[in-house]
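Undergrad: For reference, the structure I am asking about is given below.
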Amino acid sequence: MCCLLSGTFVLVTVAFIGNLTENFVLVKYSLRVSLPGGIFAQAEAADSQPLFQIWEQIINWSGNIEQFIADLIIAWRAWALWPNNKTVQWTLISLVLADIGVTIADSVVDTRKELSGANQSVTLDWVISVLSLLVNVVGTSLIAYRAWMYHRSINVVSIRRKKTRMEAILLILVESGGIFGILQVLTVIFEKLDVHAEAFSPLDLGTRFIINLYSYFAGLNPLVIFILVQTQNTYDQSVHFDKTASSIQAGSHPQRVDDGHSVENQDCTAVRDSEE
């Protein structure tokens with residue numbers, strides 16, 4: 001998992017550098033060099049520069065790999081919460097394998113498109129986004145259902161009203177999946193509309209912005225969730241330590257502090273029993 005998170009961070013950094021380089025090339029050849037065809041002719045001239053095309057391919061491949069890693073992490077989370085369900089596991093495997101094939105195919109087609117000088121989007125550009133959306137919907141739905149089962153079982157075995165650490169983590173996963181899904185829907189819509197749009201038209205520029213935003217979110221989302229989960233764990237451990245220290249300073253015998261872990265352990269058994 002740490003390797004995947006590190007890889008996505010590196011890819012996001014590479015994509016960011018590539019976008020800056022592309023913008024510098026566009027500014028240099030679109031604004032400083034005047035052509036008879038106007039701003040669109042100048043933008044196309046900038047697009048034909050070797051440096052621009054090289055970074056375009058780097059951004060294309062890094063963005064697709066970022067998206068696949070994000071899908072893989074979502075599938076892995078759902079897999080971890082459904083360890084004994086073969087139907088869920090085979091569904092996730094099928095989606096991931098299809099995602100691999102479409103990711104490679106889209107990257108190759110986009111590379112050939114750039115090398116041939118074509119400017120229009122290809123069908124696979126929005127197909128890969130649809131497949132990524134499907135992986136997210138299935139994975140997040142499985143996580144949300146498990147979170148609901150967990151919440152229901154917690155209410156049975158405990159009268160506590162405060163959220164447990166596990167509830168907080170599952171809620172973070174579900175909310176992040178929902179936000180990611182909204183951004184994926186916007187990406188699919190813009191890419192579908194952009195199939196026949198002219199290069200550097202307002203629609204094309206808007207699509208580029210949405211795709212870049214989606215790419216950054218796909219790359220940084222797993223890292224942010226990892227940090228939030230670790231922060232939650234550290235906070236829980238700190239609260240547990242403070243309660244124990246206060247008990248000792250008060251002169252009383254250290255007692256077992258209920259920080260929710262006992263409830264979570266009871267719930268894990270209840271969830272496994274309900275699954276079986």
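Read left to right, the sequence shown gives residues 1 to 276 (full-length UniProt numbering). Ideal placement from N, C-alpha and C gives every residue a C-beta, glycine not left out. Nothing here was measured: the structure is a model prediction, and the numbers come from that model.
Nearest to Val174 by CA position, among Thr13, Leu92, Val138, is which residue?
TA: The sequence position of residue 174 within the sequence shown is 174, counting from 1. If we check each option's Cα against that of Val174, Val138 comes out closest.
Undergrad: Return helix, strand or coil for Thr164, following the three-state DSSP convention.
TA: Counting from 1 along the sequence shown, the entry for residue 164 is found at position 164. Coil.
Undergrad: Roughly how many angstroms lie between the CA atoms of Asp125 and Glu191, to the nearest whole one?
TA: The residue given as residue 125 occupies position 125 in the sequence shown. The residue given as residue 191 occupies position 191 in the sequence shown. Their backbone Cα atoms lie some 7 Å apart in a straight line.
Undergrad: Among Val96, Tyr216, Leu95, Thr187, which one has its Cα closest to the Cα of Leu203?
TA: In the sequence shown, counting from the first residue as 1, residue 203 sits at position 203. Leu203 has its Cα closest to that of Thr187, out of Val96, Tyr216, Leu95, Thr187.
Undergrad: Between Ile104, Ser116, Leu51, Asn136, which lies nearest to Trp79 when the distance is taken from Cα to Cα?
TA: Numbered from its first residue, the sequence shown carries residue 79 at position 79. The shortest C-alpha separation from Trp79 is found at Asn136.
Undergrad: For Pro202, which three-state DSSP category applies?
TA: If you number the sequence shown from 1, residue 202 lands on position 202. DSSP places Pro202 in helix when its eight states are reduced to three.
Undergrad: How about Ser141 and Ala15: do their beta carbons lie closer than 8 Å?
TA: Here residue 141 refers to the residue found at position 141 when the sequence shown is read from its first residue. Here residue 15 refers to the residue found at position 15 when the sequence shown is read from its first residue. Not in contact: Ser141 and Ala15 (Cβ atoms no closer than 8 Å).
Undergrad: Spatial neighbours of Ser176 within its chain, please: CB distance less than 7 Å, with the 5 preceding and 5 following residues excluded, ordered by chain position.
TA: Against the sequence shown, residue 176 aligns to sequence position 176. So the qualifying residues of the chain are Asn221, Ile225.
Undergrad: Along the chain, where does the alpha helix (DSSP H) that runs through Gln89 open and close?
TA: Here residue 89 is taken as the residue at index 89 of the sequence shown, counted from 1. Looking at the DSSP string, the run of the alpha helix (DSSP H) that includes Gln89 is 86–116.
Undergrad: Taking only three categories from DSSP, how would you classify Pro83?
TA: One-based indexing of the sequence shown puts residue 83 at position 83. Reduced to three states, the DSSP call for Pro83 is coil.
Undergrad: Using only CA atoms, which one of Leu51, Ile58, Ala70, Glu22 lies nearest to Leu223?
TA: As a first step, residue 223 is located in the sequence shown; it is residue number 223 there, counting from the start. Ranking Leu51, Ile58, Ala70, Glu22 by Cα distance to Leu223 puts Ala70 first.
Undergrad: Report the option in Val12, Ile182, Gly7 whose CA atom is closest to the CA atom of Ser132.
TA: Numbered from 1 along the sequence shown, position 132 holds the residue referred to as residue 132. That would be Ile182, whose Cα lies nearest to the Cα of Ser132.
Undergrad: DSSP three-state call for Gln49: helix, strand or coil?
TA: To locate residue 49, count along the sequence shown from 1; it is residue 49. The answer is coil: DSSP assigns Gln49 none of H, G, I, E or B.
Undergrad: Taking the C-alpha atoms as reference points, what is the distance between Arg77 and Thr111?
TA: Here residue 77 corresponds to residue number 77 of the sequence shown, with the count starting at 1. Here residue 111 corresponds to residue number 111 of the sequence shown, with the count starting at 1. Between Arg77 and Thr111, the C-alpha separation is close to 32 Å.
Undergrad: Rounded C-beta distance between Thr8 and Gly219? I'm assuming under 8 Å.
TA: Within the sequence shown, residue 8 is the residue found at index 8, counting from 1. Within the sequence shown, residue 219 is the residue found at index 219, counting from 1. Yes, Thr8 and Gly219 are in contact; Cβ-Cβ is about 4 Å, under 8 Å.
Undergrad: Give me, in chain order, the residues of the same chain whose beta-carbon lies closer than 7 Å to that of Gly130; leave out the 5 immediate sequence neighbours on both sides.
TA: Residue 130 sits at position 130 when you count from the first residue of the sequence shown. Residue identity differs from the one stated: residue 130 is Val in this sequence, not Gly. Cβ within range, chain order: Val188.
Undergrad: By how many angstroms is the C-alpha of Ile74 removed from the C-alpha of Ile172?
TA: Residue mapping note: residue 172 aligns to position 172 of the sequence shown, counting from 1. Residue mapping note: residue 74 aligns to position 74 of the sequence shown, counting from 1. Taking the straight line joining both Cα atoms gives about 13 Å.
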